[in-house]
Amino acid sequence: MYEEEMRHTIAKLLQEKSTDEALEEAVSDIFGRALESSKKAGVSLESVVYEIMEGVEAGLEDSNRFSESYLNHASELIVATIHKEGMKRLACEEHKMHAAQHRFNEVLALESSYLKDTMESFRQYAVDKHHGILLTQLDRLEVKTASILRKMAERFGYNKYISLHKKRTPHYDR
Amino acid sequence: MTANHPCYANACEVLKHTQLFGALSPETRRTLVEECTPVEWKKGESIDPETGTKYMHIVIDGKMKVTQVDPDTGRSIALFLLAPGDIFDIFTLLDGKEHIVFPIPMAPMKLLRIPLERAREWVREHPQFNESFLPYLGKRLREIEAFSESLVFHDTTTRLANLILHHTSRCPDEQEGHYPVRLINNLSHESLAELIGSVRSVVSTQMKKLKEEEILLSKKGKLVVKDLKKLMDRCDMFYKEEI
């Protein structure tokens, strides 16, 4: 499909005595589309590049302008197009990676805060209701929670997001 | 589609040479084509995953893979590669239940489309269709069975060799002497990996080895088999015996 399009476009542009820029643009455009569709369809780039080169060569022959230097130039354009598209895709994936990393950090911080806030809530409850025993027991639970938080930090390796030693509020610093 | 539609004659001609529809009388084939609507899918186009639940499609030209995707990991597996004469979706045709799969055209495609209910009625009205439909189903089931076995019992090298051998013509090219590979000859390593339940990096390594050992080579950017015997030595019995 793209081979025929390339052939006709090259032949037409050469017949119209178009500029080198117009030829370059056509090769880059058609190859760019062929590249995109091959990625979507799961077709090998090897076969697509071969087809495109055949299209370029046939277009040159149709116009009696065959020269290997044209093919050389086309191959350089193809490499440049692959590189350009690759950079675009990588930049897009990098953006997604940063966004995912940010989201991950948010979730980790949030999950850690749930544990810490819960401890806070228990203490508040014990103080408000004057449950001395519960308050004493909470010290043990806090040690356990700190251990859980440490394990989370070790598992995911983002210690900076988890504070293991939460600063106590004055009312339960007995 | 009426008889004067530009696609009509070609559709009848293609179906005449297929396993599934070739044995039917020309009249019966014509009745089927007349019931259908021609549709075209572009290479790489996103197709509604529920389309197989509403319509039965018959491939007239091009090829497509039918994939399942794990929503959690994004990993996909290609269950079928469909070529002219194949039908999609065979599961919904049989049981009418929802079957979400992702068809991906790997080349510009021409298909015939018929509402699923009407397709089932047509099958009931033409019991002679079963004479070829049941062997077709058997072939598909055997492929799935061989694939499942291969996934459990064989390593990636064997699975890849099985896949290539399955699509390799047993008649060598008269001029070059190599064996043409059908359907999968221009697939990316990623697509090949989907077909054997592996990943691109592993397939790339294996393909490189097969090329280094001169079992495979690339002709005009397409895969061909240079040494069929060596390839067969890498396969299991099912694929050696078939065809």
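Residue numbers (my numbering), protein chains in the order written: chain A, 274 to 447; chain B, 2 to 244. Glycine included, every Cβ here is placed at the ideal spot set by N, Cα and C.
request  = Drop a sphere of 10 angstroms on the beta-carbon of B:PRO7, count the other beta-carbons inside from all chains shown, and report buried for 16 or more, exposed for fewer.
outcome  = Taking all protein chains in view, the Cβ of B:PRO7 is surrounded by fewer than 16 other Cβ atoms within 10 Å, so the residue is classified as exposed.
message = If the criterion is Cβ atoms closer than 8 Å, does the pair A:ALA284 and A:ASP335 meet it?
response = Result yes, Cβ atoms of A:ALA284 and A:ASP335 sit closer than 8 Å.
For A:ASP302, the nearest candidate out of A:GLU319, A:LYS313, A:LEU318, A:GLU358 (CA to CA) = The option with the nearest alpha carbon to A:ASP302 is A:GLU358.
inquiry  = Considering only their Cβ atoms, is the gap separating B:ALA79 from B:VAL67 smaller than 8 Å?
reply    = Less than 8 Å divides the Cβ of B:VAL67 from the Cβ of B:ALA79.
request  = Could you check the C-alpha separation between A:MET279 and A:LEU363 for me, to the nearest Å?
outcome  = Rounded to the nearest whole angstrom, the CA to CA distance from A:MET279 to A:LEU363 is 27 Å.
task = Have a look at B:ARG143 and B:SER189 and give me their C-alpha separation to the nearest angstrom.
result = Whole-angstrom Cα-Cα distance: 25 Å.
inquiry  = Looking at the secondary structure, which residues open and close the beta strand (DSSP E) in which B:THR68 lies?
reply    = Where B:THR68 is concerned, the enclosing beta strand (DSSP E) starts and stops at 65-70.
Chain-ordered chain A contacts of B:PRO104 [CB-CB under 8 Å] = Those do not exist, as B:PRO104 stays about 11 Å from chain A at its closest Cβ, beyond 8 Å.
ask   = Where B:ALA10 and B:ALA120 are concerned, what is the direct C-alpha to C-alpha distance, given to the nearest angstrom?
value = Approximately 20 Å, taken between the alpha carbons.
task = Starting from B:LYS221, find everything on chain A with Cβ-Cβ shorter than 9 Å and list it in chain order.
result = Residues of chain A passing the Cβ test: SER320, TYR323, GLU324, GLU327.
ask   = Going by Cα to Cα distance, which pick from A:MET326, A:MET425, A:GLU319, A:VAL322 is closest to A:TYR387?
value = Closest option to A:TYR387, judged by alpha-carbon separation, among A:MET326, A:MET425, A:GLU319, A:VAL322: A:MET425.
key: Beta-carbon spacing of A:LEU381, A:PHE429 below 8 Å   = Yes; because the gap between Cβ atoms is below 8 Å, this pair is in contact.
Collapsed DSSP secondary structure at B:ILE105 in the structure displayed = Three-state result, B:ILE105: strand.
task = Please classify B:HIS18: is it buried, with 16 or more other beta-carbons within 10 angstroms of its beta-carbon, or exposed?
result = So B:HIS18 counts as exposed.
ask   = Start and end of the beta strand (DSSP E) containing A:ARG338?
value = Segment: none, A:ARG338 is in no beta strand (DSSP E) and carries neither H nor E.
request  = Within 10 angstroms of the Cβ of A:TYR398, are there 16 or more other Cβ atoms? Answer buried if so, exposed if not.
outcome  = Its Cβ having fewer than 16 others within 10 Å, A:TYR398 is exposed.
query = Which residue or residues does DSSP assign as beta-bridge partners of B:VAL226?
reply = DSSP, once it has assigned bridges, lists B:TYR180, B:LEU217 as partnering B:VAL226.
inquiry  = Using only the alpha-carbon positions, how far apart do A:ILE421 and A:LEU414 sit?
reply    = One C-alpha to the other measures close to 10 Å.
message = Quick check: the Cα distance between A:MET326 and B:GLU51, rounded to an integer number of angstroms?
response = C-alpha separation (whole angstroms): 38 Å.
key: Rounded separation between A:LEU286 and B:LYS210 - CA only   = In this structure, the straight-line span from the alpha carbon of A:LEU286 to that of B:LYS210 is close to 43 Å.
request  = Note down, in chain order, each residue of its chain lying with its Cβ closer than 8 Å to the Cβ of B:GLY222, except the 5 sequence neighbours on either side.
outcome  = Closer than 8 Å at Cβ, skipping near neighbours: ASN187.
message = In the DSSP output, which residue or residues are listed as bridge partners for B:MET110?
response = Its beta-bridge partners are B:TRP42.
Buried/exposed call for B:ARG30, threshold 16 Cβ in 10 Å = B:ARG30 should be labelled buried.
task = With DSSP as the reference, label B:ILE59 as helix, strand or coil.
result = DSSP places B:ILE59 in strand when its eight states are reduced to three.
inquiry  = Rounded to whole angstroms, what is the Cα-Cα separation between A:TYR275 and B:GLU126?
reply    = Their Cα atoms are separated by approximately 43 Å.
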